[in-house]
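Asks:
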Amino acid sequence: MTTYKEKDVEDASHIEDPSLDKPSVNSGILILEISENEKQKILRKVDWRLIPLLTFLYLVAFIDRSNIGNAKIAGLNSQLKLHGLQYNAAVTLFYVPYTLLEIPSNIVLKMMRPSRWITILLFSWGIVMTFMGFVSSYSGLLAARWFLGVAEAGFFPAAAYLLTIWYKRYEYQRRFAIFYSMASMAGAFSGLLAYAIEKMDGIGGRAGWQWIFILEGLVPCACAFFMWKVLPDSPETATFLEKHEREFIVDRIAAETGSGQGRVTNSDKIGLKHILAAFKEWKIWALIPVFWGNTVGVYGFTATVPTVIEELGYTAANAQLLTIPIYVFAVILILSFAYLSDKYQVRWLYIVLAYSIAVAGYIAQLVIPHPKYPGVTYGFLFPIAGGMYAGFSPMLSWAANNIAPSSKRAVGMALLISVGNMGAIAGSNVYLAREAPKYPTGFGASFGFLCLGILMAVILRFAYARENKRRDRLVEELGGEQGVRARYSEQELLDMGDRSPFFRYTL
Numbered sequence: 001m002t003t004y005k006e007k008d009v010e011d012a013s014h015i016e017d018p019s020l021d022k023p024s025v026n027s028g029i030l031i032l033e034i035s036e037n038e039k040q041k042i043l044r045k046v047d048w049r050l051i052p053l054l055t056f057l058y059l060v061a062f063i064d065r066s067n068i069g070n071a072k073i074a075g076l077n078s079q080l081k082l083h084g085l086q087y088n089a090a091v092t093l094f095y096v097p098y099t100l101l102e103i104p105s106n107i108v109l110k111m112m113r114p115s116r117w118i119t120i121l122l123f124s125w126g127i128v129m130t131f132m133g134f135v136s137s138y139s140g141l142l143a144a145r146w147f148l149g150v151a152e153a154g155f156f157p158a159a160a161y162l163l164t165i166w167y168k169r170y171e172y173q174r175r176f177a178i179f180y181s182m183a184s185m186a187g188a189f190s191g192l193l194a195y196a197i198e199k200m201d202g203i204g205g206r207a208g209w210q211w212i213f214i215l216e217g218l219v220p221c222a223c224a225f226f227m228w229k230v231l232p233d234s235p236e237t238a239t240f241l242e243k244h245e246r247e248f249i250v251d252r253i254a255a256e257t258g259s260g261q262g263r264v265t266n267s268d269k270i271g272l273k274h275i276l277a278a279f280k281e282w283k284i285w286a287l288i289p290v291f292w293g294n295t296v297g298v299y300g301f302t303a304t305v306p307t308v309i310e311e312l313g314y315t316a317a318n319a320q321l322l323t324i325p326i327y328v329f330a331v332i333l334i335l336s337f338a339y340l341s342d343k344y345q346v347r348w349l350y351i352v353l354a355y356s357i358a359v360a361g362y363i364a365q366l367v368i369p370h371p372k373y374p375g376v377t378y379g380f381l382f383p384i385a386g387g388m389y390a391g392f393s394p395m396l397s398w399a400a401n402n403i404a405p406s407s408k409r410a411v412g413m414a415l416l417i418s419v420g421n422m423g424a425i426a427g428s429n430v431y432l433a434r435e436a437p438k439y440p441t442g443f444g445a446s447f448g449f450l451c452l453g454i455l456m457a458v459i460l461r462f463a464y465a466r467e468n469k470r471r472d473r474l475v476e477e478l479g480g481e482q483g484v485r486a487r488y489s490e491q492e493l494l495d496m497g498d499r500s501p502f503f504r505y506t507l
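Counted the way full-length UniProt numbering counts, the sequence shown spans residues 1 to 507.
1. Kindly indicate which three-state DSSP category Ser-24 falls into: helix, strand or coil?
2. Determine whether the beta carbon atoms of Thr-304 and Tyr-431 lie at a separation below 9 angstroms.
3. Verify whether the separation of the beta carbon atoms of Ser-190 and Thr-295 is less than 9 angstroms.
4. Is it right to say Pro-289 is buried, meaning 16 or more other beta carbons lie within 10 angstroms of its own, or is it exposed?
5. If the criterion is Cβ atoms closer than 9 angstroms, does the pair Thr-257 and Val-250 meet it?
6. In whole angstroms, what separates the C-alpha of Val-328 from that of Met-182?
7. Does the beta-carbon distance from Ile-403 to Gly-271 come in below 9 angstroms?
8. What does the alpha-carbon distance come out to for the pair Ser-234 and Ala-364?
9. Could you tell me which of Leu-100, Leu-193 and Gly-391 sits nearest to Leu-353, measuring between CA atoms?
10. Taking Gly-412 and Ile-284 to be in contact with their CB atoms under 8 angstroms, please state how far apart those CB atoms are, rounded to whole angstroms.
11. With distances taken Cα to Cα, identify the nearest neighbour of Ala-159 among Ile-51, Phe-279, Tyr-299 and Val-331.
12. Below 7 angstroms CB to CB, which residues in the same chain sit around Arg-487 once its five sequence neighbours on both sides are set aside?
13. Any idea if Gly-361 is buried or exposed, counting beta-carbon neighbours within 10 angstroms, 16 or more meaning buried?
14. What are the complete alpha helix (DSSP H) segments, minimum 4 residues, inside the region 280-350?
15. As an exercise, report each continuous alpha helix (DSSP H) stretch of at least 4 residues that is fully enclosed by the region 342-427, in chain order.
16. Consult DSSP for Ser-35 and reduce its assignment to one of helix, strand or coil.
17. Would Tyr-95 pass as a contact of Met-422 if the rule is Cβ separation under 9 angstroms?
18. What did DSSP end up calling His-83 once you bin it into helix, strand or coil?
19. Which one of Gly-444, Leu-53 and Arg-466 has the shortest CA to CA distance from Pro-232?
20. Among Val-359, Ile-357, Phe-380 and Ala-358, which has the Cα closest to the Cα of Ile-368?
21. Classify Phe-502 as helix, strand or coil using the three-state DSSP reduction.
22. Is the region 169-179 in contact with the region 34-52, if contact means three or more CB pairs nearer than 8 angstroms?
23. Can you say whether Val-419 is buried or exposed, counting buried as having 16 or more other CB atoms within 10 angstroms of its CB?
24. With three or more C-beta pairs closer than 8 angstroms as the rule, is the region 217-226 touching the region 86-101?
25. Assuming contact is defined by CB atoms lying nearer than 9 angstroms, are Ala-194 and Asp-201 in contact in what I supplied?
26. Based on Cα-Cα distance, which residue from Pro-405, Ser-500, Thr-302 and Ser-66 lies nearest to Gly-442?
27. Can you check the region 89-139 for any alpha helix (DSSP H) of at least 4 residues that lies completely inside it and give the ranges in chain order?
28. With respect to the alpha helix (DSSP H) encompassing Asn-468, which residues constitute its N-terminal and C-terminal limits?
29. Taking the Cβ atom as the reference point for each residue, do Phe-447 and Val-376 lie within a distance shorter than 9 angstroms?
30. Terminal residues of the continuous alpha helix (DSSP H) containing Gln-482?
31. In angstroms with no decimal places, state the Cα-to-Cα distance between Ala-186 and Ile-63.
32. Here's a check: name, in chain order, each residue in its chain whose Cβ is nearer than 7 angstroms to the Cβ of Val-135, leaving out the five neighbours to either side.
33. Taking the Cβ atom as the reference point for each residue, do Cys-223 and Leu-57 lie within a distance shorter than 9 angstroms?
34. Can you tell which of Leu-333, Ala-410, Phe-382 and Phe-449 has its C-alpha closest to the C-alpha of Phe-279?
35. So what's Glu-152 in DSSP terms, helix, strand or just coil?
36. Among Arg-252, Cys-221, Met-227 and Gly-300, which residue has its Cα nearest to the Cα of Glu-236?
Next up, the structure:
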């Protein structure tokens, strides 16, 4: 077995040849010293292969699930004769299978090649989205939204998990933030695309809102024909990396226990014990209210914000365009908070700061008399979007950092995302048409869940810190690293995952 050591090099004369193995003085195993330049070169290769693919796919997925908000003001409601809460029901129905199938999907992901499973999902939701452009009744719309939820359910938890097997703890969030920022940019692209596609109204006997669904559904169908070939499955099988580069990626991730001692594994085969361990992990359940702070607000906001802007007195076309700056601002905040969170190696603080920004925006929306000050009202939509979106990436990164081994992480992250996304069901139903343009129920419920999220993030932070200190004492009582290894075999320590005495939680 070869173990790799990252070597920070300031003077080029000290750079070791990364192609040479160097015997370790202490262990007798081979250690390959990797210079900082070589390390960055390898990570850039991974970045350019993995991040653009997952980011693009998430952009497509989020546009396809949220474009119903654009279709609504492009004529969907009037042509299908929707009334009362029917639109809300159509938005909500997507999230029922979407939340129920995320855990089974990640189990399948661990049992087959991820590239093939994601390609199946991609093609499936593209087909459903395309045929949404042919619905002619409320019941047809409901059926299409249901099957769209079935098809899209597995992609986000799969992508969020896959990043964890390639990057170390404090490299993960910056990459995830780029990927996740497409949820925000999807709002901007969706508004821009809808503005352009809506002008096809009447072509082929189809309304503008129908063309929005058709054209935005054909994109994932086309992508499915090559995605299975170009999306890498794991570091161990990555053909775009050299052998020593693959080994370097695998080994550095295995050493990520947070204490500098012991190892974790990403090559474990999923079993019932991993599924049960994830469901029994109270820290995952404690993080779910933090997740709801995002989903209750984001999904209701995404589906409603074009209507909110339109009811401030803007035309439907301008309402589509005015959503773009809001989402661009959110992307800036997502990336900024991710950079700072990784740099200072802390998660909880950036959740609290981001959610606090969104709280301020909701308070403003609740007290400003609508639609008396449209410019001010529009301006305070920016902190709402920015704060909610920026708080999500440190929250999910927190979970990714603190669950091991990989099978438990795959199920645990899917569980968190699944139950967390149930907040979308609430979020889709709290913006009531009869309360326009002030939407006190929608803004008030989102405000309340954000406050709950802030509280739970603080509680969890102190729980993690207390457990880290307990394990420090345990290792000391057992006689240090050697004492722990005398008590437990290497396989037992790997099987323990985040329960290992060597594992330390990220705060």
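Note that the Cβ used here is the ideal one computed from N, Cα and C, for glycine as well.
Replies: Result, derived from the coordinates:
1. Here Ser-24 scores only 34 on pLDDT, less than 50, and its place in the model is too uncertain to base an answer on.
2. Yes, these two residues count as a Cβ contact at 9 angstroms.
3. Not in contact: Ser-190 and Thr-295 (Cβ atoms no closer than 9 angstroms).
4. By the neighbour-count rule (16 or more Cβ atoms within 10 Å), Pro-289 is buried.
5. Between Thr-257 and Val-250, the gap from beta carbon to beta carbon reaches 9 angstroms or more.
6. Distance from the CA atom of Val-328 to the CA atom of Met-182, rounded to whole angstroms, is 10 angstroms.
7. Contact flag unset, no.
8. A straight-line Cα-Cα distance of about 46 angstroms links Ser-234 and Ala-364.
9. With distances taken between Cα atoms, Leu-353 lies closest to Gly-391.
10. The distance from the Cβ of Gly-412 to that of Ile-284 is about 5 angstroms, consistent with a contact at the 8 angstroms cut-off.
11. Per the Cα distances, Ile-51.
12. Result list for Arg-487: Leu-478, in chain order.
13. It is buried - the Cβ of Gly-361 has at least 16 other Cβ atoms within 10 Å.
14. Those alpha helix (DSSP H) runs which fall completely within the region 280-350 and span 4+ residues are 282-310 and 316-344.
15. Segments of the alpha helix (DSSP H) lying fully in the region 342-427: 348-367, 374-379, 381-401, 406-420 and 422-427.
16. Correct three-state label for Ser-35: strand.
17. It is a contact, given that the beta carbons lie within the stated cut-off.
18. Per DSSP, reduced to three states, the secondary structure at His-83 is coil, with no helix or strand assignment.
19. If you compare the alpha carbons of Gly-444, Leu-53 and Arg-466 with that of Pro-232, the shortest gap goes to Leu-53.
20. By alpha-carbon distance to Ile-368, the top candidate from Val-359, Ile-357, Phe-380 and Ala-358 is Phe-380.
21. Here Phe-502 sits in coil by DSSP.
22. With a cut-off of 8 angstroms, the region 34-52 and the region 169-179 count as touching, because enough Cβ pairs lie within range.
23. By the neighbour-count criterion, in which a residue is buried when 16 or more other Cβ atoms sit within 10 angstroms of its Cβ, Val-419 is buried.
24. The region 86-101, when compared against the region 217-226, does not touch it at the 8 angstroms Cβ threshold.
25. It is not a contact, given that the beta carbons lie outside the stated cut-off.
26. The shortest Cα separation from Gly-442 among Pro-405, Ser-500, Thr-302 and Ser-66 belongs to Thr-302.
27. If we require 4 residues or more, the alpha helix (DSSP H) runs fully inside the region 89-139 come out as 95-100, 102-111 and 114-132.
28. Following the DSSP letters along the chain, one finds Asn-468 inside the alpha helix (DSSP H) bounded by residues 440-477.
29. Between Phe-447 and Val-376, the C-beta spacing is not below 9 angstroms.
30. That run of the alpha helix (DSSP H) goes 480-487.
31. Each residue's alpha carbon lies about 5 angstroms from the other.
32. So the qualifying residues of the chain are Leu-141 and Ala-144.
33. Pairing Cys-223 with Leu-57 gives a Cβ-Cβ distance under 9 angstroms.
34. Looking only at Leu-333, Ala-410, Phe-382 and Phe-449, the smallest Cα-Cα distance to Phe-279 is reached by Ala-410.
35. DSSP places Glu-152 in helix when its eight states are reduced to three.
36. Taking Glu-236 as reference, the option from Arg-252, Cys-221, Met-227 and Gly-300 with the minimal CA-CA separation is Arg-252.
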